[in-house]
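> In my numbering, the protein residues as written are 2 to 391. Sharing a structure with you now.
Right, here's the structure in full:
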């Protein structure tokens with residue numbers, strides 16, 4: 002088996018056209034099979050949409066599917082018999098840690114009823130089924146669906162049991178594997194990447210670590226490399242990854258004012274430049290008082306972005322959560338900030354946790370022309386000025 006030495010990682014800026022770049026690279030492969038995979042279904046749909054816009058169709062030699070779908074089809078199914086005899090009935094999505102066995106400090110109600118409820122907030126000190134002693138309960142629900150946070154781990158175990166045949170089979174099917182939003186991968190996903198790097202497939206990855214709002218799982222494996230810290234994983238010289246930090250640094254979506262503010266969130270990263278010089282008459286980043294929001298929505302029709310559904314907004318206008326807006330573009334954005342967001346926006350020396358930085362970065366960089374941020378307190382000397390409705 003001839004190993005690829007030209008596996009590549011491109012660190013891309015928001016709005017730099019990284020998904021379009023992947024599509025262009027895939028279209029160049031006329032005869033060889035290409036897989037384009039990404040974590041979220043929203044991004045999978047966006048890739049397919051861009052293919053149709055650019056090429057009128059997705060070529061027969063190109064497959065676009067989510068990371069979980071790829072793992073289930075090519076990682077779990079082919080060699081599952083080597084590890085598990087029962088039929089696997091698909092996937093069950095989990096946001097936390099799966100395979101709960103019991104609590105060492107259950108609440109009185111659960112203790113009295115002799116039940117274990119994952120959603121119980123009063124039970125403390127969870128105990129989980131171990132892979133060694135409780136293989137089925139560790140990996141699968143009662144309906145024999147594999148837990149999403151254990152998918153890549155199961156694939157690793159299957160590859161070990163098949164003596165590398167699983168990865169060899171994947172590399173025989175796909176000469177090229179392109180991974181979009183690589184910063185979303187975590188845990189055993191990264192161990193799987195190592196195996197793919199040493200296969201005959203050529204691996205091309207693009208991502209923006211600053212947009213690390215989601216991860217595929219919260220495994221303790223490789224936890225030091227999650228979200229924006231994934232860049233450190235690729236610094237391991239033994240993996241022989243060519244890292245490109247300059248090709249996709251121009252943000253063609255956002256104007257200069259938006260780029261400048263978003264750059265300040267991650268000062269250790271190379272600053273991105275704006276490729277958007279269009280002037281509309283309402284451009285840049287502004288604070289806006291809550292009492293002016295409705296008129297602002299009527300005048301400019303921005304997309305409303307919030308942290309979660311608990312935040313009340315004007316339901317007559319389009320709204321999304323910060324995370325789900327990733328990968329999308331809008332002319333104008335209205336942000337309902339969390340208190341830590343607001344503290345940083347007023348004074349960027351304020352503490353802001355890594356995930357919060359990524360969420361704010363995503364929210365800011367969705368906009369082409371203007372970003373309005375709800376803030377009722379008007380303070381002299383703020384870098385961001387309050388917008389006055391005329």
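Heads up, the beta-carbon is just placed ideally off N, CA and C, and yes, glycines get one too.
Taking one C-beta from the region 362-379 and one from the region 286-296 each time, how about it: are there three or more such pairs within less than 8 Å?
Yes, since at least three Cβ pairs between the region 362-379 and the region 286-296 fall closer than 8 Å, the two stretches touch.
> Can you grab the Cα-Cα spacing for the pair residue 71 / residue 118, in whole Å?
Against the chain shown, residue 71 aligns to sequence position 70. Against the chain shown, residue 118 aligns to sequence position 117. Cα to Cα, residue 71 sits roughly 31 Å from residue 118.
> Measure the C-alpha to C-alpha separation of residue 95 and residue 199 and round it to an integer number of angstroms.
If you number the chain shown from 1, residue 95 lands on position 94. If you number the chain shown from 1, residue 199 lands on position 198. Cα to Cα, residue 95 sits roughly 30 Å from residue 199.
> My output table needs one value for residue 127: the three-state DSSP class, helix, strand or coil.
Taking the first residue of the chain shown as position 1, residue 127 is located at position 126. If DSSP states are grouped into helix, strand and coil, residue 127 belongs with the strands.
> My understanding is that residue 356 touches residue 12, with C-beta atoms under 8 Å, so please give their C-beta distance in whole angstroms.
Residue numbering aside, residue 356 sits at position 355 when the chain shown is read from its first letter. Residue numbering aside, residue 12 sits at position 11 when the chain shown is read from its first letter. Not confirmed; about 19 Å, so no contact.
> What residue from 152, 75, 67 and 307 has the CA that sits closest to residue 189's CA?
In the chain shown, residue 189 corresponds to position 188, counting from 1. Ranking 152, 75, 67 and 307 by Cα distance to residue 189 puts 152 first.
> Among 175, 181, 279 and 283, which one has its Cα closest to the Cα of residue 46?
Taking the first residue of the chain shown as position 1, residue 46 is located at position 45. That would be 181, whose Cα lies nearest to the Cα of residue 46.
> For residue 7, which residues from the same chain have a beta carbon less than 7 Å from its beta carbon, with the 5 sequence-adjacent residues on both sides left out?
Mapped onto the chain shown, residue 7 falls at position 6. Only 203 and 243 meet the Cβ criterion.
> With a 10 Å radius around its C-beta and 16 neighbouring C-beta atoms as the bar for buried, classify residue 247 as buried or exposed.
Stepping through the chain shown from its first residue, residue 247 is reached at position 246. The residue is exposed, with fewer than 16 neighbouring Cβ atoms inside 10 Å.
> Quick one: what's got a C-beta closer than 6 Å to residue 384's C-beta in the same chain, skipping five residues either side?
Locating residue 384 in the chain shown gives position 383, counting from the first residue. No residues qualify anywhere along the chain.
> So, is residue 25 buried or exposed, given that buried needs 16 or more other C-beta atoms within 10 angstroms?
Residue 25 sits at position 24 when you count from the first residue of the chain shown. So residue 25 ends up on the exposed side.
> Out of 174, 161 and 49, state which residue places its alpha-carbon closest to the alpha-carbon of residue 192.
As a first step, residue 192 must be located in the chain shown, where it is residue number 191. Ranking 174, 161 and 49 by Cα distance to residue 192 puts 161 first.
> Excluding five sequence neighbours on each side, which residues of the same chain lie with their C-beta closer than 7 Å to the C-beta of residue 100?
Here residue 100 refers to the residue found at position 99 when the chain shown is read from its first residue. These residues qualify, in order along the chain: 129, 130, 138, 139 and 148.
> If you check the beta carbons only, do residue 20 and residue 49 fall under 8 Å apart?
Locating residue 20 in the chain shown gives position 19, counting from the first residue. Locating residue 49 in the chain shown gives position 48, counting from the first residue. No; because the gap between Cβ atoms is not below 8 Å, this pair is not in contact.
> Are the beta-carbon atoms belonging to residue 211 and residue 359 less than 8 Å from one another?
As a working mapping, residue 211 is identified with position 210 in the chain shown. As a working mapping, residue 359 is identified with position 358 in the chain shown. Contact: yes.
> Does the region 60-78 come within contact of the region 33-45, defined as at least 3 CB pairs closer than 8 Å?
Flag = yes, the region 60-78 and the region 33-45 touch.
> Quick check on DSSP: helix, strand or coil for residue 1?
The question about residue 1 has no answer here: the residues shown for the chain are numbered 2 through 391.
> Rounded to whole angstroms, what is the Cα-Cα separation between residue 235 and residue 266?
For the purposes of this step, residue 235 is taken as residue 234 along the chain shown, with counting starting at 1. For the purposes of this step, residue 266 is taken as residue 265 along the chain shown, with counting starting at 1. C-alpha separation (whole angstroms): 22 Å.
> On a CA-only basis, which of 80, 93 and 277 is nearest residue 253? Give me that one, please.
Counting from 1 along the chain shown, the entry for residue 253 is found at position 252. Closest by alpha carbon: 277.
> Count the other CB atoms within 10 Å of the CB of residue 58; is the residue buried (16 or more) or exposed (fewer)?
Locating residue 58 in the chain shown gives position 57, where the first residue counts as 1. Result: exposed.
> How many angstroms separate the CA atom of residue 291 from the CA atom of residue 377?
Here residue 291 refers to the residue found at position 290 when the chain shown is read from its first residue. Here residue 377 refers to the residue found at position 376 when the chain shown is read from its first residue. Going from the Cα of residue 291 to the Cα of residue 377 covers about 6 Å.
> For residue 338, tell me which candidate among 272, 310 and 329 has the shortest Cα-Cα distance.
Locating residue 338 in the chain shown gives position 337, where the first residue counts as 1. Nearest C-alpha to residue 338: 310.
> Around the Cβ of residue 185, are there at least 16 other Cβ atoms within 10 angstroms (buried) or fewer (exposed)?
Within the chain shown, residue 185 is the residue found at index 184, counting from 1. The residue is buried, with at least 16 neighbouring Cβ atoms inside 10 Å.
> List the endpoints of the continuous alpha helix (DSSP H) containing residue 190.
What you label residue 190 is simply residue 189 of the chain shown in a count that begins at 1. 189-198 is the extent of the alpha helix (DSSP H) around residue 190.
> In this structure, does DSSP put residue 429 in helix, strand or coil?
What is shown of the chain runs 2 to 391, which leaves residue 429 out entirely.
> Pull the bridge partners of residue 274 from the DSSP assignment, please.
Residue 274 sits at position 273 when you count from the first residue of the chain shown. According to DSSP, which records beta bridges pairwise, residue 274 is partnered with 251.
> Are the Cβ atoms of residue 227 and residue 187 separated by less than 8 Å?
Translated into the one-based positions of the chain shown, residue 227 becomes position 226. Translated into the one-based positions of the chain shown, residue 187 becomes position 186. Yes. Within cutoff.
> Is residue 367 near residue 313, with beta carbons less than 8 Å apart?
To locate residue 367, count along the chain shown from 1; it is residue 366. To locate residue 313, count along the chain shown from 1; it is residue 312. Not in contact: residue 367 and residue 313 (Cβ atoms no closer than 8 Å).
> What is the DSSP secondary structure of residue 312, counted as helix, strand or coil?
In the chain shown, residue 312 corresponds to position 311, counting from 1. In this structure, residue 312 counts as coil in the three-state DSSP scheme.
> Can you tell me whether residue 175 is helix, strand or coil according to DSSP?
Position 174 of the chain shown, counted from the start, is the residue given in the question as residue 175. Coil at residue 175, not helix or strand.
> Please report the straight-line C-alpha distance between residue 74 and residue 279, rounded to a whole angstrom.
Taking the first residue of the chain shown as position 1, residue 74 is located at position 73. Taking the first residue of the chain shown as position 1, residue 279 is located at position 278. For residue 74 and residue 279, the distance between alpha carbons rounds to 45 Å.
> Go to residue 158, then tell me how far its alpha helix (DSSP H) extends in each direction, as first and last residue.
Position 157 of the chain shown, counted from the first residue, corresponds to residue 158. Residue 158 -> alpha helix (DSSP H) spans 152-162.
> For residue 320, tell me which candidate among 106, 112 and 335 has the shortest Cα-Cα distance.
Sequence index remark: in the chain shown, residue 320 carries index 319 (1-based). Considering only alpha carbons, the answer is 335.
> Just mark residue 112 as buried or exposed, buried being the case when its beta carbon has 16 or more other beta carbons within 10 Å.
Counting from 1 along the chain shown, the entry for residue 112 is found at position 111. Burial call: exposed.
> When you compare each of 158, 98, 165 and 304 to residue 220 by their alpha carbons, which one comes out closest?
On the chain shown, position 219 is the one that residue 220 refers to. Nearest option by C-alpha distance: 98.
> Can you grab the Cα-Cα spacing for the pair residue 380 / residue 260, in whole Å?
Walking along the chain shown from the start, residue 380 turns up at place 379. Walking along the chain shown from the start, residue 260 turns up at place 259. Roughly 23 Å between the two C-alpha positions.
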